[in-house]
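Undergrad: Please read through the structure below; I'll follow up with questions.
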Amino acid sequence: MSDNSLFKSILADTIHESANSYLIKELTDQFQSPQQLWHATEQELMKVKGIGKAKSRQIIAAVQLAKLILVPRAEQAVIRSPRDIFELMRFEIGMENKEFFYILLLDTKNKVISKELISIGSLNATIVHPREVFNAAIRQSAASILCVHNHPSGDPTPSQEDIQLTNRLAEAGKIVGIELLDHLVISGSDYVSLKEKGLI
Numbered sequence: 002m003s004d005n006s007l008f009k010s011i012l013a014d015t016i017h018e019s020a021n022s023y024l025i026k027e028l029t030d031q032f033q034s035p036q037q038l039w040h041a042t043e044q045e046l047m048k049v050k051g052i053g054k055a056k057s058r059q060i061i062a063a064v065q066l067a068k069l070i071l072v073p074r075a076e077q078a079v080i081r082s083p084r085d086i087f088e089l090m091r092f093e094i095g096m097e098n099k100e101f102f103y104i105l106l107l108d109t110k111n112k113v114i115s116k117e118l119i120s121i122g123s124l125n126a127t128i129v130h131p132r133e134v135f136n137a138a139i140r141q142s143a144a145s146i147l148c149v150h151n152h153p154s155g156d157p158t159p160s161q162e163d164i165q166l167t168n169r170l171a172e173a174g175k176i177v178g179i180e181l182l183d184h185l186v187i188s189g190s191d192y193v194s195l196k197e198k199g200l201i
C-alpha cells in the first residue's frame, strides 16, 4: 500500500467513511499529506464540505494521539550525540509552521533534567535572549545545556543569526559556568548540528 493510500485509509477509519468516498477525496484534496493535517484547526477542517464539528474533532483527536505517541518524553533521556537530540525533538518541532526555540537542561551525566520552551517566533525568526536561557538553567541547577530550534522553511542550514546567537549563548555559558554543548536546527526529517559544523 502506498503512503497516499495508507493516509486515505487511516483518515477514512478515523471518521468512519469509505476510503473511496467523496468526503475522503475532498479532505485529501485540501490536506494532501499527514504533515498538512498535523497543523489543521477545527475551523479549517469544517471548511471541507461534509465535515462538521463531530468529524473535525475526531480528526483532531487522532492527530493529537499521534503526537502523544511520536513525541518522546525528554526527561531522563541521555544525550550521547546530535542524533539523540534530533530523535527527541523531531516530532515536537520538525513539522511546525512557526519557529520554536527549546533548551534541554542536562545533568553531569548528560541526562535531560527538563525541556524548556524559550520562544515561539514567526515563519522565519524567533527572538531569544541569553538571560532567559540561563535563568532556566541556573534555576534547575543544570550542568550544561543544548539548544534546539526548527526552520519551517524545510532547510535546516543555520542562518547567520543562528550562528551569532549560538556564539552569544556559548559566551554567556562560560561566564555562568554552564556549557552550551550544541545547537541543533531541525527541519522535517533533517537536522544540522552547529557543533558538528565547527560553529561552536
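Counting in this note's numbering, the sequence shown runs from 2 upward without gaps. C-beta: ideal position from N, C-alpha, C; glycine also.
#1: What are the partner residues of glutamate 180, as DSSP defines its beta bridges?
#2: Identify whether valine 134 lies in helix, strand or coil by the three-state DSSP scheme.
#3: Compute the Euclidean distance between the alpha carbons of alanine 143 and alanine 171, then round it to the nearest angstrom.
#4: Just to confirm the assignment, what range does the beta strand (DSSP E) spanning phenylalanine 101 have?
#5: With a cut-off of 8 angstroms on the beta carbons, I'd call lysine 133 and isoleucine 119 a contact; round off their distance for me.
#6: Lysine 9 by DSSP, collapsed to three states: which one?
#7: Grab the span of the beta strand (DSSP E) containing leucine 71 for me, first residue to last.
#8: Sorted by chain position, which residues of the same chain lie with C-beta nearer than 6 angstroms to serine 57's C-beta, five sequence neighbours on each side aside?
#9: Give the secondary structure of lysine 112 by DSSP, where H, G and I count as helix, E and B as strand, and everything else as coil.
#10: Could you check whether the Cβ of aspartate 14 sits closer than 8 angstroms to any Cβ belonging to chain D?
#11: Take the Cβ of valine 79 as the centre, count every other Cβ of all protein chains shown within 10 Å, and call the residue buried at 16 or more, exposed below.
#12: Along the chain, where does the beta strand (DSSP E) that runs through aspartate 191 open and close?
#13: According to DSSP, what are the bridge partners of glutamate 21?
#14: DSSP beta-bridge partners for histidine 150?
#15: Between which two residues does the alpha helix (DSSP H) harbouring aspartate 85 extend?
TA: Taking the coordinates as given:
#1: Residue numbering aside, residue 180 sits at position 179 when the sequence shown is read from its first letter. Answer is Ser145.
#2: Within the sequence shown, numbered from 1, the residue matching residue 134 stands at position 133. In the structure shown, valine 134 sits in a helix (DSSP, three-state: H, G or I).
#3: By 1-based counting over the sequence shown, the position of residue 143 is 142. By 1-based counting over the sequence shown, the position of residue 171 is 170. Taking the straight line joining both Cα atoms gives about 15 angstroms.
#4: As a first step, residue 101 is located in the sequence shown; it is residue number 100 there, counting from the start. Element bounds for phenylalanine 101: 101 to 107.
#5: Translated into positions along the sequence shown, residue 133 becomes position 132. Translated into positions along the sequence shown, residue 119 becomes position 118. Looking at the sequence itself, residue 133 is glutamate, so the reference to lysine does not match. Glutamate 133 to isoleucine 119, Cβ: 6 angstroms. Contact.
#6: Position 8 of the sequence shown, counted from the start, is the residue given in the question as residue 9. If DSSP states are grouped into helix, strand and coil, lysine 9 belongs with the helices.
#7: Indexing the sequence shown from 1 puts residue 71 at position 70. From DSSP, leucine 71 is part of no beta strand (DSSP E) but of the alpha helix (DSSP H) over 54 to 71.
#8: Here the question's residue 57 lines up with position 56 in the sequence shown. Around serine 57: Glu43, Leu46 and Met47.
#9: On the sequence shown, position 111 is the one that residue 112 refers to. Looking at lysine 112 - three-state DSSP - the assignment turns out to be strand.
#10: Given the protein chain composition of this structure (a single chain), no chain D is represented.
#11: On the sequence shown, position 78 is the one that residue 79 refers to. Exposed, since its Cβ has fewer than 16 Cβ neighbours within 10 Å.
#12: Translated into the one-based positions of the sequence shown, residue 191 becomes position 190. Note, aspartate 191: beta strand (DSSP E), 191 to 194.
#13: Within the sequence shown, numbered from 1, the residue matching residue 21 stands at position 20. Before going further, note that residue 21 is asparagine rather than glutamate in the sequence given. For asparagine 21, which the question treats as bridged, DSSP gives no partner whatsoever.
#14: Residue numbering aside, residue 150 sits at position 149 when the sequence shown is read from its first letter. Answer is Phe102 and Val186, bridged to histidine 150.
#15: One-based indexing of the sequence shown puts residue 85 at position 84. Aspartate 85 -> alpha helix (DSSP H) spans 83 to 94.
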